[in-house]
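Student: Our numbering puts the sequence shown at residues 899 to 1374.
Ideal Cβ positions, reconstructed from N, Cα and C, are used throughout, including at glycine.
Sending over a structure as structure tokens; questions will come in a sec.
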Amino acid sequence: MTDNPTEAPKPADDADKDTTVVPESATPASPEPLASASVASEPVPSATAAEGVPAAEAGAAFVRPEAAPKRRTAGVGLVAAVAIAALVGGAVGGIGVYALVGNDGGTPVAGSGTVGTNLMVNDVDTATVVTGVAASVAPSVVTLSVTGGTAAGTGSGVVLSEDGYILTNAHVATLEGATSEPTIKVQTYDGRLFDAKLVGSDPIADLAVVKIDSDVVFQPADFANSGKLNVGDTAIAIGAPLGLSNTVTSGVVSALNRSITVASSAVPDKAAEGDTTAPDGNGYDPFGPWRFDNGQGDSGSSAPVSSVISLPVIQTDAAINPGNSGGALLNDDGKVIGINVAIASTGSSSSSGAGNIGVGFAIPANYAKRVAFEIIDSGTATHGLLGATVADVTEVQELADSSVVGAAIDSVSSGGAAAAAGLKKGDVVTSFNGLPITGKTDLTAQVRVLAGGDKAEIVYVRGGKSYTESVTLGSL
């Protein structure tokens, strides 16, 4: 059974501008180190301020009732080297998707700043909600340094459990598919470094789980119900853009039910059945591969592109840059609402200067959490399969005069979920599980969000009439 290369989170309107979506991935460590800012630590309510806040004078301690997780204090903090990874991608429905991956062509540079166990709030009177969230959640966000072969890069991760399971993006943990056996170092908010191993990756959701080998007790992040988000809700991003650990930015949830398509170098064969995309008439692949640019002219390896994946995402204007990939997007309660994965960048071709323009994307927490714990339990995660090839209505000649907006069924696999639900070639799916479907990317992304065997309600139009059917998805 094949699903078109489209499946989106909850479909949202496409951006009017012809922008390029850049999956923020690992941040490139650049040849030239930037001065690393040592951060003053001050106790904050269960919060630990983000690294990067200069420690002026230690003010009143803003301390959280619960004791911070047991940990030995570390000494040296990572100092980010600055170099922007080349982002390669293409436009999909007006938005080109890029992976923001950072490569360093050399050895990561270490800084001399020491970060304490508790982060200090210098002035409690001027502290904001963001201040409290940054302080309390800092211990639950880490920086990953990954190497494999000639490739290397940095990204972010979110602590899932006290015993050291970390959630990040697959393109961060595998260097965009360049290696299945990465060497991973994890740096905690207080500067300690730990070795970690890849537990499993899921290229379809662009998520991966790594495990720290240590008896230290870590502070897991709390996850919110991303299904209850509203446009305009507070959105706070914590991660390591450009290798700058503990960086905090804030904004709002700009849009929900958005879907984007990005290149994947390691999607299983099944996913590729209906998700491969040929280059356009100009010979340019609009879903171009995420290339790992070392920024120094070294020949870093890049993964071969086998297909594209459709992701459901939350859109935010909180500043997100290369290296934020895998980090947390939080609400004003300090709970994870999404895992940062990509950014939009102006232009339709790769650019080593791509960065934040106020359009960032995160994988919804509900989806990320399901995939993460399936990986921990069994090493892999499952995804729904509709058993049909889908296309945008404008791509189907027979529907050229149609005024219906949705995803057109181009072909149906015998014995698949779509066939069992009675779907036929020419049907136009307009809603999936209560979410509006505006095109193939929306439908593919939403189908993949569910696990194999899950049931969903699908609304489609045939011959000018609307029908509703229940479908039991196959497994991918």
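1. Taking all protein chains shown into account, decide if Lys1109 is buried (16 or more other Cβ within 10 angstroms of its Cβ) or exposed.
2. Please classify Val1257: is it buried, with 16 or more other beta-carbons within 10 angstroms of its beta-carbon, or exposed?
3. Nearest to Thr1145 by alpha carbon, out of Ala1217, Pro1262, Ser1329 and Ala1071?
4. Can you tell me whether Ile873 is helix, strand or coil according to DSSP?
5. I'd like to check one pair, Ala1289 with Pro1369: are the Cβ atoms closer than 7 Å?
6. Starting from the Cα of Leu1058, find the closest Cα among Val1070, Val1035 and Thr1029 and give me that residue.
7. Pop quiz: Ala1076 and Ala1103 are said to be a contact at Cβ under 8 Å. What is the actual Cβ separation, rounded to whole angstroms?
8. By Cβ distance below 6 Å, which residues in the same chain neighbour Gly1224 in space, the five residues on each side in sequence not counted?
9. Going straight from the alpha carbon of Phe1116 to that of Asp1061, what length do you get?
10. Tell me the rounded alpha-carbon separation between Thr1081 and Gly1098.
11. Tell me the start and end of each unbroken beta strand (DSSP E) in the segment 1086-1153 that is at least 3 residues and wholly inside, in chain order.
12. On the premise that Lys1083 lies in contact with Leu1096, defined as a C-beta separation below 8 Å, what is that separation, rounded to the nearest angstrom?
13. Under a three-way DSSP split, which group does Asn1067 fall into?
14. For the alpha helix (DSSP H) containing Thr1395, list its first residue and its last residue.
15. Tell me which same chain residues have a C-beta within less than 6 Å of the C-beta of Ala1201, skipping the five on either side of it?
16. Could you give the residue range of the alpha helix (DSSP H) that holds Asn1264?
17. Hey, Pro1210 and Val1347 are a contact pair by Cβ (cut 8 Å); roughly how many whole angstroms apart?
18. What does the alpha-carbon distance come out to for the pair Gly1030 and Asp1231?
19. Excluding the five sequence neighbours on either side, which residues of its own chain have a C-beta within less than 8 Å of the C-beta of Asp1375, listed in chain order?
20. Take Asn1264 and list the residues in its own chain whose beta-carbon comes closer than 7 Å to its own, dropping the five residues that flank it on each side.
21. Given this structure, state the Cα-to-Cα distance separating Leu1333 from Asp1325, to the nearest angstrom.
22. Run the CB neighbour count on Lys1353, radius 10 Å, all protein chains shown included, and call it buried at 16 or more, exposed below.
Tutor: For this structure:
1. If you number the sequence shown from 1, residue 1109 lands on position 211. Buried, because 16 or more other Cβ atoms sit within 10 Å of the Cβ of Lys1109.
2. Mapped onto the sequence shown, residue 1257 falls at position 359. Answer is buried; the Cβ neighbour count reaches 16.
3. Position 247 of the sequence shown holds residue 1145. Looking at Ala1217, Pro1262, Ser1329 and Ala1071, the one whose alpha-carbon comes closest to that of Thr1145 is Ala1217.
4. The question about residue 873 has no answer here: the residues shown for the chain are numbered 899 through 1374.
5. Counted from its first residue, the sequence shown places residue 1369 at position 471. Counted from its first residue, the sequence shown places residue 1289 at position 391. According to the sequence as given, residue 1369 is Val; it is not Pro. Taking 7 Å as the Cβ cut-off, Val1369 and Ala1289 do not qualify as a contacting pair.
6. Along the sequence shown, one-based indexing puts residue 1058 at 160. Check the Cα spacing between Leu1058 and each of Val1070, Val1035 and Thr1029: the tightest is with Val1035.
7. Within the sequence shown, numbered from 1, the residue matching residue 1076 stands at position 178. Within the sequence shown, numbered from 1, the residue matching residue 1103 stands at position 205. Ala1076 to Ala1103, Cβ: 19 Å. No contact.
8. Here residue 1224 corresponds to residue number 326 of the sequence shown, with the count starting at 1. Taken in chain order, the residues that qualify are Gly1053, Ser1054, Gly1055, Thr1066, Asn1067 and Val1070.
9. Taking the sequence shown and counting its residues from 1, the one referred to as residue 1116 is at position 218. Taking the sequence shown and counting its residues from 1, the one referred to as residue 1061 is at position 163. Straight-line Cα distance between these residues: approximately 6 Å.
10. The residue labelled residue 1081 in the question sits at position 183 within the sequence shown. The residue labelled residue 1098 in the question sits at position 200 within the sequence shown. Going by C-alpha positions, Thr1081 is about 14 Å away from Gly1098.
11. Runs found: 1091-1100, 1105-1110 and 1132-1137.
12. Here the question's residue 1096 lines up with position 198 in the sequence shown. Here the question's residue 1083 lines up with position 185 in the sequence shown. Contact check for Leu1096 and Lys1083: beta-carbon distance about 13 Å, past the 8 Å limit, so the pair fails to qualify.
13. Here residue 1067 is taken as the residue at index 169 of the sequence shown, counted from 1. It is coil, neither helix nor strand.
14. No answer is possible for residue 1395: it lies beyond the span of the chain, which begins at 899 and ends at 1374.
15. As a working mapping, residue 1201 is identified with position 303 in the sequence shown. For Ala1201, the predicted model reports a pLDDT of 44, less than 50, meaning its position is unreliable; a value from the coordinates is still stated below. For Ala1201, same chain residues with a beta-carbon under 6 Å away, outside a window of 5 residues either side, are Glu1074, Gly1075, Ala1076 and Ser1163 in chain order.
16. What you label residue 1264 is simply residue 366 of the sequence shown in a count that begins at 1. For Asn1264, the enclosing alpha helix (DSSP H) begins and ends at Ala1263 to Ser1276.
17. The count along the sequence shown starts at 1 and reaches residue 1210 at position 312. The count along the sequence shown starts at 1 and reaches residue 1347 at position 449. 5 Å between Cβ atoms; contact.
18. Against the sequence shown, residue 1030 aligns to sequence position 132. Against the sequence shown, residue 1231 aligns to sequence position 333. Each residue's Cα considered, the two are about 9 Å apart.
19. Nothing in the structure corresponds to residue 1375, since the chain is present only between 899 and 1374.
20. Along the sequence shown, one-based indexing puts residue 1264 at 366. In the same chain as Asn1264, and ignoring 5 residues on each side of it, the C-beta atoms closer than 7 Å to its own belong to Asn1123, Ser1124 and Gly1125, in chain order.
21. The sequence position of residue 1333 within the sequence shown is 435, counting from 1. The sequence position of residue 1325 within the sequence shown is 427, counting from 1. Between the alpha carbons of Leu1333 and Asp1325 lies a distance of about 17 Å.
22. Within the sequence shown, the letter at position 455 stands for residue 1353. By the C-beta density criterion, Lys1353 is exposed, having fewer than 16 other C-beta atoms within 10 angstroms.
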